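All remarks here apply to the structure that follows.
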Amino acid sequence: MSELAEPFDMALPSFMKHVRVLEDTGLILSSKSGRIRTCTLDRQNLAAAERWFAEQRALWASRYDNLDNLLEKLQGQDNEN
Amino acid sequence: MKTDLQFDFVADKQNSRITVKREFAAGRQLVWDCHTKRELLDQWFAPKPLTTRTKHMEFKEGGYWHYAMLTPEGQAFWSRLDYQTINPIDGYLALDGFCDETGVVNTDLPRARWDVAFTDAGERTLVTTVVLYNSPDDVQKAIDMGLKDGLASTLERLDELLRTIDLPQERA
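So the protein lines, in turn, are chains A and B.
Everything in the first sequence is counted per my numbering, starting at 199 for the first residue and increasing by one.
Everything in the second sequence is counted per my numbering, starting at 718 for the first residue and increasing by one.
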């Protein structure tokens with residue numbers, strides 16, 4: 199853990215807090231052996247989360263493109279009236 | 718998308734929220750109507766190639782919208798949005814959820830709160846939607862579920878498609 203924290207300009211306890219958040223989200227896993235805690239990146243989980251967010255983004259982008267078209271159509275109708 | 722219309726999408730898993738901001742080239746009343754009237758929602762809410770079909774809509778506090786997103790093959794994904802607070806034409810708060818055809822919410826799956834705000838942006842309207850889950854654990858459940866249901870694969874194809882159609886010249 200201290201090795202992992204080294205490049206960051208923060209105290210170890212603060213660093214541990216950040217790691218705990220990442221653990222809670224399932225993006226990293228950690229295991230303790232004696233005094234050594236080892237962290238591993240859960241690549242599968244990280245990829246799943248990234249993919250889901252990309253899908254959510256795509257959903258909103260497409261939905262709103264549809265709305266652009268609808269708004270254009272509705273305003274066109276208004277102008278004709 | 719028209720290239721000069723603002724579109725921001727921020728996913729923040731630690732704080733269990735997704736924030737979507739999008740500008741529309743129309744006045745606030747019209748954009749509001751498109752979000753709150755069934756005959757208009759049916760024309761845009763589902764992402765392509767899906768279509769929207771409303772089964773029930775009562776846009777008032779305590780009311781709900783029950784709708785399906787249909788694949789071209791006819792597979793239906795049922796959802797509902799329960800309206801909690803409504804301030805025409807500034808915004809509304811609602812609770813989303815997956816349900817069945819009869820409108821019964823699947824309580825095994827997390828429900829997210831939608832905070833949708835409409836603001837003037839010159840001649841345009843800015844819509845800000847914050848989708849807030851109860852916890853990072855609930856976001857994880859939504860991710861796990863998203864991998865299982867058929868909607869994910871449909872959207873994955875869509876994501877690919879969007880990368881190709883976002884080019885401005887394709888829009889003309």
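C-beta atoms are modelled at their ideal positions from N, C-alpha and C, and glycine is treated no differently.
All values reported here derive from a predicted model rather than from experimental measurement.
Following the continuous alpha helix (DSSP H) through B/T753, name the residue where it begins and the one where it ends. By one-based count along the second sequence, residue 753 of chain B stands at place 36. Note, B/T753: alpha helix (DSSP H), 745-753.
So, is A/R218 buried or exposed, given that buried needs 16 or more other C-beta atoms within 10 angstroms? Residue mapping note: residue 218 of chain A aligns to position 20 of the first sequence, counting from 1. Exposed.
Since B/L798 is in the beta strand (DSSP E), which residue starts that stretch and which ends it? For the purposes of this step, residue 798 of chain B is taken as the residue at position 81 of the second sequence. That run of the beta strand (DSSP E) goes 793-804.
Confirm, please, whether the CB-CB distance from B/D832 to B/V847 is below 9 angstroms. Translated into the one-based positions of the second sequence, residue 847 of chain B becomes position 130. Translated into the one-based positions of the second sequence, residue 832 of chain B becomes position 115. In this structure, B/D832 lies closer than 9 angstroms to B/V847 by Cβ.
Between the C-alpha atoms of A/L272 and B/G808, what's the straight-line distance to the nearest angstrom? For the purposes of this step, residue 272 of chain A is taken as residue 74 along the first sequence, with counting starting at 1. For the purposes of this step, residue 808 of chain B is taken as residue 91 along the second sequence, with counting starting at 1. About 21 angstroms.
Strictly under 9 angstroms for the Cβ-Cβ distance: is B/E887 near chain A by that measure? On the second sequence, residue 887 of chain B is found 170 positions in, with the first residue counted as 1. Low local confidence applies: a pLDDT of 37 at B/E887 is under 50, so the model's placement there is unreliable, with the coordinate-based value given in what follows. By this cut-off, B/E887 is not an interface position.
Output the residue ranges of the beta strand (DSSP E) runs that lie fully inside the region 762-793 of chain B and measure 3 residues or longer, sorted by chain position. 768-774, 781-787
Of all the residues that make up the region 744-764 of chain B, which are near chain A by a beta-carbon distance shorter than 8 angstroms? L747, V748, C751, L757, Q760, W761, F762, A763, P764
Check whether chain B comes within 9 angstroms of A/F251, counting only Cβ atoms and requiring the distance to be less than that. In the first sequence, counting from the first residue as 1, residue 251 of chain A sits at position 53. A/F251 counts as touching chain B.
Work out the CA separation of B/G814 and B/V737 for me, nearest whole Å. Sequence index remark: in the second sequence, residue 737 of chain B carries index 20 (1-based). Sequence index remark: in the second sequence, residue 814 of chain B carries index 97 (1-based). Going by the C-alpha atoms only, they are around 18 angstroms apart.
Would you verify that the beta carbon of B/Q857 is, or is not, closer than 9 angstroms to some beta carbon of chain A? Counting from one through the second sequence, the residue named residue 857 of chain B turns up at place 140. It does; some Cβ of chain A falls within 9 angstroms.
Exposure of B/E887, with buried meaning 16 or more beta-carbon neighbours within 10 Å: As a first step, residue 887 of chain B must be located in the second sequence, where it is residue number 170. Low confidence applies to B/E887: its pLDDT is 37, below 50, so where it sits in the model is not reliable enough to give any reading.
Here's the rule I'm using: 16 or more other beta-carbon atoms within 10 Å means buried, otherwise exposed. How should B/K777 be labelled? Here residue 777 of chain B corresponds to residue number 60 of the second sequence, with the count starting at 1. It is exposed - the Cβ of B/K777 has fewer than 16 other Cβ atoms within 10 Å.
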